[in-house]
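Worksheet: the structure to be examined is printed underneath.
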Amino acid sequence: MLAVRCALALLLAVASLRAAEPPLTVAYSDWPGWTAWEIAIQKGWFKEAGVAVEFVWMEYGPSMEAFQAGKVDAVTVTNGDQLVMAAAGKASKGIVLTDYSNGNDMIVGRPGIASIKDLKGKKVGLEVGLVEHLLLLKALEANGLKESDVTIVAVPTNDTPQTLASGQVDAIGAWYPVSGQALELVPGSKPLFTSKDAPGLIYDFTVVASESLAKRKADWTKIAAVWPRIAAYLADPATRDDGIRIMAARVNVPAAKYALAMPGTFFLDLAGNHKHFARAEGLGSVYGSSAVAHAFNLANKVYDKPLKVEDFIDPSFLPAAPK
Amino acid sequence: MPEAPSDPVAERFRRIAARPVVLDVRALGMSFRGAGGKTVQALHDVSFQVRRREFLTVVGASGCGKSTLVRILAGLAHHTAGEVLLDGRPVTGPGPDRGMVFQGYTLFPWLTVVRNVMFGLEMGDMGRDQARSEALLWLDLVGLASKAEAWPHQLSGGQRQRVAIARALAARPRILLMDEPFGALDPQTRATLQEHLLQIWQQVDVTVVFITHDIDEAVWLADRVLVLQPPDQDHPGGWLAEAVEVPLPVPRTRAMHDLPAYRAVRERIERLIRPPRPPAAERLPVFKMTAAGDEVL
Amino acid sequence: MVRSAWRVGGDPPARLSGVLWLGAFLLPLAAWCALSYLPWLWHPQVLIAEPGDSSFSAGMRIERAAFAAAVAEAARQGQRPPQGGRVNPVFLPAPHEVARALWTGFTTPPLRRGDPWLHQSLGHSITVIAWGFLISALVGVPLGVLCGSVPALSRLVEPFVDFIRYMPAPAFGALCVAVLGINDAPKVAIIVVGTFFQMVLVVANTTRQLDRGLVEAAQTLGASDKRLLTRVIVPGILPNLYTDMRILLGWAWTYLIVAELIGASSGISWYINQQGKYRAYDNVFAGIILIGLIGLVTDLVLGWIGRFLFPWSGQQVSRASALAFAAVTLPLRLPWLLLRLARRYDPKAARPQEPDHA
Ligand SMILES: Nc1ncnc2c1ncn2[C@@H]1O[C@H](COP(=O)(O)OP(=O)(O)OP(=O)(O)O)[C@@H](O)[C@H]1O
Ligand SMILES: [Mg+2]
Chain A
1 MLAVRCALAL
11 LLAVASLRAA
21 EPPLTVAYSD
31 WPGWTAWEIA
41 IQKGWFKEAG
51 VAVEFVWMEY
61 GPSMEAFQAG
71 KVDAVTVTNG
81 DQLVMAAAGK
91 ASKGIVLTDY
101 SNGNDMIVGR
111 PGIASIKDLK
121 GKKVGLEVGL
131 VEHLLLLKAL
141 EANGLKESDV
151 TIVAVPTNDT
161 PQTLASGQVD
171 AIGAWYPVSG
181 QALELVPGSK
191 PLFTSKDAPG
201 LIYDFTVVAS
211 ESLAKRKADW
221 TKIAAVWPRI
231 AAYLADPATR
241 DDGIRIMAAR
251 VNVPAAKYAL
261 AMPGTFFLDL
271 AGNHKHFARA
281 EGLGSVYGSS
291 AVAHAFNLAN
301 KVYDKPLKVE
311 DFIDPSFLPA
321 APK
Chain B
324 MPEAPSDPVA
334 ERFRRIAARP
344 VVLDVRALGM
354 SFRGAGGKTV
364 QALHDVSFQV
374 RRREFLTVVG
384 ASGCGKSTLV
394 RILAGLAHHT
404 AGEVLLDGRP
414 VTGPGPDRGM
424 VFQGYTLFPW
434 LTVVRNVMFG
444 LEMGDMGRDQ
454 ARSEALLWLD
464 LVGLASKAEA
474 WPHQLSGGQR
484 QRVAIARALA
494 ARPRILLMDE
504 PFGALDPQTR
514 ATLQEHLLQI
524 WQQVDVTVVF
534 ITHDIDEAVW
544 LADRVLVLQP
554 PDQDHPGGWL
564 AEAVEVPLPV
574 PRTRAMHDLP
584 AYRAVRERIE
594 RLIRPPRPPA
604 AERLPVFKMT
614 AAGDEVL
Chain C
621 MVRSAWRVGG
631 DPPARLSGVL
641 WLGAFLLPLA
651 AWCALSYLPW
661 LWHPQVLIAE
671 PGDSSFSAGM
681 RIERAAFAAA
691 VAEAARQGQR
701 PPQGGRVNPV
711 FLPAPHEVAR
721 ALWTGFTTPP
731 LRRGDPWLHQ
741 SLGHSITVIA
751 WGFLISALVG
761 VPLGVLCGSV
771 PALSRLVEPF
781 VDFIRYMPAP
791 AFGALCVAVL
801 GINDAPKVAI
811 IVVGTFFQMV
821 LVVANTTRQL
831 DRGLVEAAQT
841 LGASDKRLLT
851 RVIVPGILPN
861 LYTDMRILLG
871 WAWTYLIVAE
881 LIGASSGISW
891 YINQQGKYRA
901 YDNVFAGIIL
911 IGLIGLVTDL
921 VLGWIGRFLF
931 PWSGQQVSRA
941 SALAFAAVTL
951 PLRLPWLLLR
961 LARRYDPKAA
971 RPQEPDHA
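Chains as they are written, first to last, in the working numbering: chain A, 1 to 323; chain B, 324 to 620; chain C, 621 to 978.
As structure tokens, this is what we get:
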């Protein structure tokens, strides 16, 4: 079976060498804003746009590894995690803002922990250096605590629910759907701080490797132009349910269950993209948000390389703003 | 010699002496590097010669170096002093010119009986068909032609050793080395196999070096018995105390056990191996035996 | 009779053995049923049906103690108490839920067009395992046999292998993706990394355990080193090697869960992982049970085949299964059988030659 597949891949490779450039590859993972790309895939909108692109479904961590290793041309990540990859040497630009997290990223405390303030001197399990780390730092700051006031335990995001249930930590940081899993697994646990408390702290990006952007400018422009169509499909009450059904099928859960994840994600349509792509200080702009993430990352030694955040953001591939 | 050999016996030894030397062991020494860096000397200055078609047995107390000696002859262990010559050439490793039958069962369990016997022939690059027909003849010789297609695990211990003998002989060795081959067998089987071995030996041109700790076996089978002794003050390793000629005619019969010549040789060897010793330590928890039985207080 | 079956080294009769085999599965199943259907046995939580005036909401799972406290509190305050029934934690679904999940898993088409059916996912996982294990074995078994036979080689190879086998295979995930891309190759590589090093050591050890007497006997029969390997050591260790491979194959499955989550997500472990994320624990259990079943069936089949592969080991084989085996393998053995038949009628081969006792 594998041999057949290898042979096929080889054939395809040969064929595409003879035809034109190979299809662009995008690694996407289980987050509503990114799963939404599935709508365009299923509806054939990329074909309509005349661009060959292949979306590869991955776990979040592995998708970043694959992008870092140059095995895919683009990846869907948060703006903060893009900087982590950039510090490790991957030049890339965020060209589409799919959404910002509006409650789906959470710090969940075990029963008995009522607020972030109760975490003083306690243990928090999360994936060090990734987005929930940033969320925790923001939460601590908002409550007058410092990172040194808690003990951070490195736990892969997928394992955080079990870790919280086992009582080894007092709180965890996770994104949807893992955060929901934790809430359900540990009766009496509750969200202490969510991305809704810090809107704009976590923007969700589709990020393209700089080499690919330079080489295939026209193709990426076509791909970026598909996004507003997806956002509109989800915004229109007539088509929203169909959109959710397609997304739920991608993650292989019933649509009704999946619909629960939607409110925690604020989808950004074309207007929203232009609004949040506008250069500004503060979390209302992705520039400001990335600057905050960068400062946090530096301060907390997630990495120690000073970066110019504007180098990693490029809204020029999007269609012009609607009138 | 305690008793003058009868004429046919003297004639036999004269003839053997006239034959070429097959195996020449000169000042053989062997020491193992044991635990903690200490060396254990197993053999010290052992020299003897074996002539063609001679039947030599080696006896000695447990641990005096019998197995070590035969393993060196087979090339499976390397001596640390002296030399071993086979037909004048030094022995450097195992080879088909020295067949070996071990105390444990070493038939290849994944081969049928006949394939086991074919093994040495095939190693000698004989074609499979010819090897097979030849192997069947050897099996016939040891009386196991009917078991040719059996698996080794289906044979009795005695049958296995007979197959092992057939396997060793089939490779046409110059010399057949046997390390207590019948040690694990019950006395009846053992006696049968001893007779059987002598019959085979009479039909095959092979020289035999046979290790045993059973003095009766050693004397009854052999032309000559080598007596090995464990290390003592004068000898740092196992050493060769004496080579005793057995003044009995061939072919041997069980009745010879009662001959004075047999008993004399047997006693002599017995005294060499088990010198009279003072009684065991007083401290052992043994009962003092009296004519009336043990004295329980 | 029954008593002696339970003694150390006892020999249970065939009937009892069958019953025990069934019991091995039925007892845990009975325990699971008891835990699921007898509320007084465990059921540590309460599923809120009617929150009353409490702070709970319908559908919440509450620890029993917390629920009792809330009821008592409501009684004191004169409020409506919360109501609900005792349940197990969400991560322990009941047997019938898992059975239903298994059934629907195989009978409903995938939600997403183009996604594999459950059996296709399983097939994909088995393919990855098979390739990983095959590649491991193709290199690992010869290397292990050589290490077990040639002490110098063992000294050269085994220390490093022993060192590297302690490294967690999952840690190589990113490296595998960087080198091999995002499709099946890095997954196969993880299985290889996970099994290869263990295999070398296990096979080397098995080889060393071969009775030295057999090797020495072969040496005194004139076997060269090469023939020692092919004619003595390999056939000698074959039954144990076969058992080793059966055990190692089980290990390969434990690396699958890692392998399938690197690069493009795929296979049964992605299914399990994804269903876990969305708390569909009935599906999770179904997936886990499927893996267990595949492992069990593979091992049973391999064990059954093993009885015919090594006739010298003296294993008892029933006539029925001997016939079945002969029938199944007939196509494989046909050419060889014909060859043997042809040789039997070769007049030259039939006449043994007289050996000359020079
Ligand atoms: N591999 C070894 N390493 C160290 N010492 C050894 C080794 N093999 C044998 N010896 C020692 O060499 C001496 C002779 O051993 P060997 O096996 O030759 O005795 P044996 O005469 O065959 O005894 P037995 O009649 O009990 O078989 C013994 O003291 C034994 O402890
Ligand atoms: Mg011995």
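We put the beta carbon where it would ideally sit given N, CA and C, even for glycine.
Bear in mind the structure is a predicted one, so any value in this text is a computation, not a measurement.
Quick check: does the Cβ of residue i come within less than 7 Å of any heavy atom belonging to ligand 1?
| i | result |
| --- | --- |
| Ala757/C | no |
| Thr380/B | no |
| Thr512/B | no |
| Cys387/B | yes |
| Val363/B | yes |
| Gly360/B | no |
In this structure, how does DSSP classify residue i when only helix, strand and coil are distinguished?
| i | result |
| --- | --- |
| Gly325/A | In the structure as shown, chain A begins at 1 and stops at 323. Residue 325/A is therefore absent and cannot be evaluated. |
| Met85/A | helix |
| Leu467/B | coil |
| Arg110/A | coil |
| Ala473/B | coil |
| Lys222/A | helix |
| Gln699/C | coil |
| Trp433/B | coil |
| Ala970/C | Low confidence applies to Ala970/C: its pLDDT is 46, below 50, so where it sits in the model is not reliable, and the reading given next is rough at best. The answer is helix: DSSP assigns Ala970/C an H, G or I state. |
| His367/B | strand |
| Trp932/C | helix |
| Glu141/A | helix |
| Tyr303/A | coil |
| Ser603/C | With chain C covering only 621 through 978, there is no way to say anything about residue 603/C. |
| Thr151/A | strand |
| His977/C | Residue confidence is low: His977/C scores 48 on pLDDT, short of 50, so the model does not pin down where it sits. Its coordinate-derived value is still stated next. Three-state result, His977/C: coil. |
| Asp502/B | strand |
| Glu683/C | strand |
If you measure from the CB of residue i, is any heavy atom of ligand 2 nearer than 7 Å?
| i | result |
| --- | --- |
| Ser637/C | no |
| Asp537/B | no |
| Glu836/C | no |
I believe residue i touches residue j by the beta-carbon criterion, under 8 Å. Please report the beta-carbon distance rounded to the nearest angstrom.
| i | j | result |
| --- | --- | --- |
| Phe67/A | Lys90/A | 7 Å |
| Val588/B | Val569/B | 6 Å |
| Tyr303/A | Ala87/A | 4 Å |
| Phe313/B | Arg497/B | An answer regarding residue 313/B cannot be provided, because it is not within the stretch 324 to 620 covered by chain B. |
| Leu742/C | Leu910/C | 6 Å |
Please list the residues of the region 396-422 of chain B that have a C-beta atom closer than 9 Å to any C-beta atom in chain C, keeping them in chain order. Ala397, Gly398, Leu399, Gly416, Pro417, Gly418, Pro419, Asp420, Arg421 and Gly422
Three or more C-beta pairs under 8 Å: does that hold for the region 108-121 of chain A against the region 234-251 of chain A? no
Residues of the region 426-457 of chain B with Cβ closer than 7 Å to any Cβ of chain C, in chain order: Gly427, Thr429, Phe431, Pro432, Trp433, Phe442, Gly443, Met446, Gly447, Asp452, Gln453, Ser456 and Glu457
Could you run through the region 840-869 of chain C and flag, in chain order, every residue whose CB is less than 8 Å away from some CB of chain B? Thr840, Leu841, Gly842, Ala843, Ser844, Arg847, Arg851, Val852, Pro855, Gly856 and Leu858
With a threshold of 8 Å, are at least 3 pairs of Cβ atoms found where one atom belongs to the region 460-474 of chain B and the other to the region 344-362 of chain B? no
For the pair the region 127-144 of chain A and the region 243-261 of chain A, tell me if three or more CB-CB distances fall below 8 Å. no
Please list the residues of the region 38-69 of chain A that have a C-beta atom closer than 7 Å to any C-beta atom in chain C, keeping them in chain order. Gln42, Val56, Trp57, Met58, Glu59, Pro62, Glu65, Ala66 and Ala69
Taking any Cβ of chain A, which residues in the region 784-797 of chain C have a Cβ under 9 Å from it, in chain order? Gly793, Ala794, Leu795 and Val797
Using a beta-carbon distance cut-off of less than 9 Å, what residues from the region 509-538 of chain B approach chain C? Gln526, Val527 and Asp528
Sufficient close CB pairs (3 or more, under 8 Å) joining the region 411-428 of chain B to the region 806-826 of chain C: no
Stretch-stretch touch, CB-based, cutoff 8 Å, three pairs: the region 472-486 of chain B with the region 435-447 of chain B: yes
Interface positions of the region 929-956 of chain C facing chain B (Cβ-Cβ less than 8 Å), listed along the chain: Phe930, Pro931, Trp932, Ser933 and Gly934
Residues of the region 824-839 of chain C with Cβ closer than 8 Å to any Cβ of chain B, in chain order: Asp831, Gly833, Leu834, Glu836, Ala837, Ala838 and Gln839
Is it true that the region 50-57 of chain A meets the region 112-119 of chain A, where meeting means three or more beta-carbon pairs spaced less than 8 Å apart? no
If the cut-off is 9 Å on Cβ atoms, which residues from the region 228-260 of chain A count as contacting chain C, listed in chain order? Arg245, Ile246, Ala248, Ala249, Arg250, Val251, Asn252, Val253, Pro254, Ala255, Lys257 and Tyr258
Taking only beta carbons into account, state which residues of the region 703-717 of chain C come closer than 8 Å to chain A, listed in chain order. Pro709, Val710 and Phe711
Taking a cut of 9 Å between CB atoms, which residues from the region 467-501 of chain B lie near chain C? Trp474, Pro475, His476, Gln477, Ala487, Arg490, Ala491, Ala493, Ala494, Arg495, Pro496 and Leu500
Below 8 Å between beta carbons is the criterion; list the residues of the region 173-194 of chain A that meet it against any residue of chain C, in chain order. Pro177, Val178, Gly180, Gln181, Glu184, Leu185, Pro187 and Gly188
May I ask you to list, following chain order, the residues of the region 652-674 of chain C that have a beta carbon less than 7 Å from some beta carbon of chain A? Gln665
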